[in-house]
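Scroll down for the structure; my scribbles are underneath it.
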Ligand code: ADP
Ligand code: MG
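In the working numbering, the protein residues as written are -12 to 439.
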């Protein structure tokens, strides 16, 4: 087999792999491979690093072998070896993906190095609200300018609030605008994994080279390397080398740089040098906005009241919010049940229990007192004047509704009253609600506060 034969075979195999494994995988793992030669039944292939070689051997060698043998029976086996000196593009037996590179990157393809990006995590799919508008603006800015405005961009916030989504969105945006820029996105865990592998195989030069060649380095969940000293050390050097060369670094964490316990001081301070943007816990409005935007893509129509219900009840994070919506839709599709607030309650029963915030009697007393402009003490006092008695009864009713306390326990919290007083209050409110629309409105407003 001459070089031309090899080139032809490899280009067919390459296309088959793209079809079988998808663009992202092939771009990351297969495109760096170079076919070297064919000798005595063995097809020799060069890989640029040990890490890549191992990964390909462990994950794709069987498939590659199968595809190669399909093209030429003489190929008995494949040998992938590490060659740090890669042939220049003109010398390569072509696996070059010119066509792919010329095209603008689209969601579905991947960063050149690092781990694949989620095609759903784009700026278009990111709903902006008060809690995340700053982080969003910062992310957009990094994504849209070629000069480095601030380095690093440090995004932080609790789990499930959109850090990874924003990082992928930045990567997609840069890839689309300037496909030639070399972007590496990975979790801090992956970074450590690459690093440890390189140490183990005495391949740290390749590691350094690979990381220092990127234009944009994104490390997600950096808190992972807290307490991992040598990884931190290596990250610190990589970070400095990139920043010194005016390459953009973007980092995310679950805490602010100064709160990263177990992180070296010099690294903490370096991480805080650029722009630090936090994502706050969600608000009701943002949750509803996100649900509306996700519901628009659902196969089944989800009534607005159900979205409002979920937005009220699932307050932990956006991942759970999405999970709740998916469950409701899946249930409707599989069980064929109509989507209502009632059915949503059933489907989400376990989630609702855990995310239910504990409302206390005292909180209710305070809110009700302030709603009716009376003193908190009037809730506990023996006074029976109507202007304090009614609010007190409302508070008792709400305590029964929003806490799990028994009637005697509630009575005790209202200045040591008897449980029959509480029972009477509850009955009275339920009855009055029907004819008194202003009381009904009061109860609705107050209930809104406690059901959040
Ligand atoms: P984190 O990395 O902060 O833990 P993720 O970025 O993984 O959170 O977000 C969790 C889920 O919530 C993802 O599916 C993401 O698409 C979604 N999500 C987060 N923020 C938003 C937003 N503002 N608009 C739409 N979806 C969001
Ligand atoms: Mg994340």
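Quick reminder that beta carbons are idealized off the backbone N, C-alpha and C, glycines included.
Remember, predicted model here, so these are calculated numbers, not experimental data.
Three-state secondary structure (DSSP) of residue i
i: residue 148; result: coil
i: residue 372; result: coil
i: residue 250; result: coil
i: residue 255; result: helix
i: residue 205; result: strand
i: residue 365; result: helix
i: residue 61; result: coil
i: residue 242; result: coil
i: residue 359; result: coil
i: residue 17; result: helix
i: residue 284; result: coil
i: residue 142; result: strand
i: residue 101; result: strand
i: residue 493; result: This structure leaves residue 493 out entirely; the chain is present only between -12 and 439.
i: residue 427; result: helix
i: residue 113; result: coil
i: residue 392; result: coil
i: residue 412; result: helix
i: residue 130; result: helix
i: residue 108; result: coil
i: residue 29; result: strand
i: residue -8; result: helix
i: residue 264; result: strand
i: residue 24; result: strand
i: residue 136; result: coil
i: residue 293; result: helix
Beta-carbon contacts of residue i that lie in its chain and below 8 Å, excluding the five residues immediately before and after
i: residue 149; result: 113, 119, 122, 266 and 305
i: residue 293; result: 315, 326, 327, 328 and 331
i: residue 297; result: 274, 278, 308, 311, 312, 315, 331 and 335
i: residue 183; result: 218
i: residue 147; result: 303, 304, 305, 306 and 307
i: residue 371; result: none
Cβ neighbours of residue i in the same chain (closer than 7 Å, five flanking residues each side left out)
i: residue 110; result: 127, 156 and 160
i: residue 206; result: 173, 175, 178 and 238
i: residue 249; result: 213 and 214
i: residue 23; result: 31, 32 and 33
i: residue 395; result: 406
i: residue 255; result: 244, 245 and 247
i: residue 363; result: 352, 353 and 356
i: residue 366; result: 352, 356, 379, 382 and 401
i: residue 389; result: 346, 351 and 437
i: residue 105; result: 155
i: residue 282; result: 289, 294 and 312
Same chain, Cβ closer than 6 Å to residue i, five either side skipped, listed in chain order
i: residue 235; result: 135 and 203
i: residue -12; result: 25
i: residue 300; result: 339
i: residue 13; result: 4 and 5
i: residue 52; result: 65
i: residue 269; result: 118
i: residue 196; result: none
i: residue 191; result: 185
i: residue 69; result: 34, 37 and 40
i: residue 222; result: none
i: residue 233; result: 135
Test: residue i CB closer than 9 Å to a CB of chain C
i: residue 432; result: Among the chains of the structure shown, chain C does not appear; only one protein chain is present.
Expected contact under 8 Å - CB spacing of residue i and residue j to nearest Å
i: residue 420; j: residue 427; result: 5 Å
i: residue 417; j: residue 385; result: About 12 Å separates the two Cβ atoms, so there is no contact after all.
i: residue 67; j: residue 44; result: 6 Å
i: residue 219; j: residue 251; result: 6 Å
i: residue 225; j: residue 199; result: 7 Å
i: residue 138; j: residue 230; result: 5 Å
i: residue 55; j: residue -4; result: 6 Å
i: residue 276; j: residue 116; result: 6 Å
i: residue 264; j: residue 125; result: 4 Å
i: residue 358; j: residue 429; result: 7 Å
Discussion item. My parser needs the alpha helix (DSSP H) runs of 4 or more residues fully inside the stretch 303 to 341; what are they?
Written reply: Counting only runs of 4 or more, we get 305 to 322 and 328 to 334.
Worksheet item: Touching or not, the stretch 116 to 134 and the stretch 38 to 55, by the rule of three or more beta carbon pairs under 8 Å?
Response: The count of Cβ pairs closer than 8 Å, one atom from the stretch 116 to 134 and one from the stretch 38 to 55, stays below three, leaving the stretches out of contact.
Worksheet entry | Inter-stretch contact (C-beta, 8 Å, three-pair minimum) for the stretch 138 to 152 and the stretch 240 to 248 | Three or more Cβ pairs drawn from the stretch 138 to 152 and the stretch 240 to 248 lie within less than 8 Å of each other, which places the two stretches in contact.
Worksheet item: Would you say the stretch 363 to 377 touches the stretch 324 to 342, given that touching needs at least three Cβ pairs under 8 Å?
Response: Touching, no, given that fewer than three Cβ pairs across the two stretches are closer than 8 Å.
Worksheet item: Fully enclosed by the stretch 157 to 237, which alpha helix (DSSP H) runs are 4 residues long or longer?
Response: Within the stretch 157 to 237, the alpha helix (DSSP H) runs of at least 4 residues that lie entirely inside it are, in chain order, 175 to 187, 191 to 199 and 216 to 231.
Worksheet item: Three or more beta-carbon pairs under 8 Å between the stretch 164 to 180 and the stretch 310 to 328, yes or no?
Response: The answer is no - the stretch 310 to 328 does not touch the stretch 164 to 180, with fewer than three Cβ pairs under 8 Å.
Fill in: Validate contact between the stretch 428 to 438 and the stretch 396 to 410 using beta carbons, cut 8 Å, 3 pairs
Contact fails: fewer than three Cβ-Cβ distances are below 8 Å.
Practice prompt. Decide yes or no for the touch test of the stretch 253 to 260 against the stretch 278 to 288: beta carbon pairs closer than 8 Å, at least 3 of them.
Written response: Not touching, per the Cβ criterion.
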